[in-house]
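Undergrad: Structure provided below as structure tokens; questions to follow.
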């Protein structure tokens with residue numbers, strides 16, 4: 031997956047934007063946030079909003095619209111006027127996973143929404159409450175098999191990447207886990223720390239600072255991650271071939287004029303390429319992505335719908351609603 035993302039960075043420079051994009055924006059822009067405050071999506075949105083304001087001279091205002099695995103926020107943006115003044119900070123859940131986990135998704139990610147820029151890749155960390163008597167993936171398997179249906183895990187929402195990762199892991203390890211969904215990763219981790227739920231897949235920025243309150247068992251990607259290189263990939267400790275990560279993307283309503291998309295894309299690519307932003311993202315366990323053009327990202331989203339659809343099937347997650 032990361033090789034695919036990296037390839038997008040080789041795209042040629044964008045052509046000069048038409049006149050309408052040269053005057054954009056002339057008023058505040060709303061960035062819809064579909065996840066709870068405190069997680070990576072919130073942090074990325076605020077970092078990008080601050081720099082967009084500075085570069086474009088208008089406020090970029092964060093507007094939370096939480097719940098339903100980003101469906102509430104995504105649907106709001108999909109139904110907004112496609113003029114560049116209401117955009118979304120979304121994830122692979124928004125643009126790829128939901129297409130397979132919802133029978134009747136209220137938006138079409140390939141028609142009602144359109145990519146602006148892919149900004150970050152997101153590895154996950156498998157963490158457990160330290161009171162759980164497991165110190166390795168092998169311990170977790172033995173513990174869960176001795177207590178079928180009694181080991182619970184939290185996710186940042188039903189149908190989200192954390193949900194699918196846990197179900198896929200359980201399927202491949204032959205263990206049955208109980209899913210407890212939350213409206214965001216921060217509240218999910220709070221309940222793992224509090225012992226109400228036993229484990230979760232969290233992003234590094236949210237899970238790693240809770241050292242001593244959580245125990246890490248492995249990383250979801252095949253490569254080790256910068257902030258914690260001592261934590262082995264799950265692929266090295268019992269889950270051969272396991273290599274799954276999410277991504278973060280700026281998204282606009284479908285039919286947003288290409289010149290507006292290209293203007294925002296150019297600005298966001300320049301922002302993510304800034305050394306300070308690269309350092310901030312890497313420090314949060316993110317992979318900064320200076321991505322391709324909006325047109326190229328439309329093709330990428332279609333390929334990700336296929337890829338995540340396969341993960342959904344392998345994980346045995348049934349489509350709902």
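In our numbering, the protein residues as written are 31 to 351. The beta-carbon is built from N, C-alpha and C at its ideal position, and this holds for glycine as well.
#1: Just to confirm, is the Cβ distance from residue 227 to residue 183 under 8 Å?
#2: For residue 197, count the other beta carbons within 10 Å of its own beta carbon; 16 or more makes it buried, fewer makes it exposed. Which is it?
#3: Would you kindly report the start and end of the unbroken alpha helix (DSSP H) that includes residue 278?
#4: To which residues does DSSP link residue 183 through a beta bridge?
#5: If you check the beta carbons only, do residue 91 and residue 56 fall under 8 Å apart?
#6: For residue 52, is the classification buried or exposed, using 16 other Cβ atoms within 10 angstroms of its Cβ as the cut-off for buried?
#7: Restricting to Cα atoms, I'd like to know which of 86, 95, 71, 138 is closest to residue 285.
#8: Can you find the residues in the same chain that come closer than 8 Å, C-beta to C-beta, to residue 185, ignoring five residues on each side of it along the sequence?
#9: State the start and end residues of the unbroken beta strand (DSSP E) segment that holds residue 93.
#10: DSSP has residue 246 in a bridge; who is on the other side?
#11: DSSP state of residue 219, grouped into three classes?
#12: Taking only runs of the alpha helix (DSSP H) that begin and end inside the stretch 93-127, which ones reach a length of at least 4 residues, in chain order?
#13: Tell me where the beta strand (DSSP E) around residue 71 begins and ends.
#14: At which residues does the beta strand (DSSP E) containing residue 359 begin and terminate?
#15: Roughly how many whole angstroms lie between the Cα atoms of residue 352 and residue 261?
#16: Quick one: any contact between the stretch 332-342 and the stretch 114-132, if contact means 3 or more CB pairs under 8 Å?
#17: On the CB-based measure, 16 or more other CB atoms within 10 Å of its CB, does residue 349 come out buried or exposed?
#18: I'd like the span of the alpha helix (DSSP H) that includes residue 265, first residue to last.
#19: Reducing DSSP to helix, strand and coil, say where residue 340 ends up.
#20: Is the stretch 316-328 in contact with the stretch 300-307, if contact means three or more CB pairs nearer than 8 Å?
#21: Flag this pair as yes or no: are the beta carbons of residue 157 and residue 222 separated by less than 8 Å?
#22: When DSSP builds the beta bridges, which residues end up paired with residue 151?
#23: Would you check if there are 3 or more beta carbon pairs closer than 8 Å linking the stretch 101-111 to the stretch 246-259?
#24: Kindly give me the distance between the Cβ atoms of residue 145 and residue 331, rounded to whole angstroms, as I take these residues to be in contact under 8 Å.
#25: Starting from residue 236 and walking both ways along the alpha helix (DSSP H), at which residues does that stretch end?
TA: Quick answer:
#1: Mapped onto the chain shown, residue 227 falls at position 197. Mapped onto the chain shown, residue 183 falls at position 153. Yes, they are a contact pair.
#2: Here residue 197 is taken as the residue at index 167 of the chain shown, counted from 1. By the 10 Å Cβ count, residue 197 comes out buried.
#3: Numbered from its first residue, the chain shown carries residue 278 at position 248. Looking at the DSSP string, residue 278 is not in any alpha helix (DSSP H); the run it does join, the beta strand (DSSP E), is 276-283.
#4: Residue 183 sits at position 153 when you count from the first residue of the chain shown. According to DSSP, residue 183 bridges with 209, 229.
#5: Translated into positions along the chain shown, residue 91 becomes position 61. Translated into positions along the chain shown, residue 56 becomes position 26. No, these two residues do not count as a Cβ contact at 8 Å.
#6: For the purposes of this step, residue 52 is taken as the residue at position 22 of the chain shown. Result: exposed.
#7: For this step, residue 285 is matched to residue 255 along the chain shown. Residue 138 is the option with its Cα nearest to residue 285.
#8: On the chain shown, residue 185 is found 155 positions in, with the first residue counted as 1. Result list for residue 185: 192, 193, 196, 209, 210, 211, 212, 218, 230, 231, in chain order.
#9: Against the chain shown, residue 93 aligns to sequence position 63. Here the beta strand (DSSP E) through residue 93 covers 90-94.
#10: Position 216 of the chain shown holds residue 246. Paired residues: 157.
#11: Against the chain shown, residue 219 aligns to sequence position 189. If DSSP states are grouped into helix, strand and coil, residue 219 belongs with the helices.
#12: 101-108
#13: On the chain shown, residue 71 is found 41 positions in, with the first residue counted as 1. Premise fails: residue 71 lies in the alpha helix (DSSP H), 70-86, not in any beta strand (DSSP E).
#14: For residue 359 there is no data in the structure shown, the boundaries of the chain being 31 and 351.
#15: Outside the modelled stretch of the chain, which goes from 31 to 351, sits residue 352, for which no answer is possible.
#16: yes
#17: Start at 1 with the first residue of the chain shown, and residue 349 comes out as number 319. Classification for residue 349: exposed.
#18: The residue given as residue 265 occupies position 235 in the chain shown. Counting along the chain, residue 265 falls outside any alpha helix (DSSP H), and DSSP gives it neither H nor E.
#19: Translated into positions along the chain shown, residue 340 becomes position 310. Helix at residue 340.
#20: yes
#21: Taking the first residue of the chain shown as position 1, residue 157 is located at position 127. Taking the first residue of the chain shown as position 1, residue 222 is located at position 192. The Cβ atoms of residue 157 and residue 222 sit closer than 8 Å to each other.
#22: The residue labelled residue 151 in the question sits at position 121 within the chain shown. Residue 151 is bridged by DSSP to 277, 317.
#23: no
#24: To locate residue 145, count along the chain shown from 1; it is residue 115. To locate residue 331, count along the chain shown from 1; it is residue 301. Confirmed, Cβ separation roughly 6 Å.
#25: As a working mapping, residue 236 is identified with position 206 in the chain shown. From DSSP, the alpha helix (DSSP H) with residue 236 extends over 234-237.
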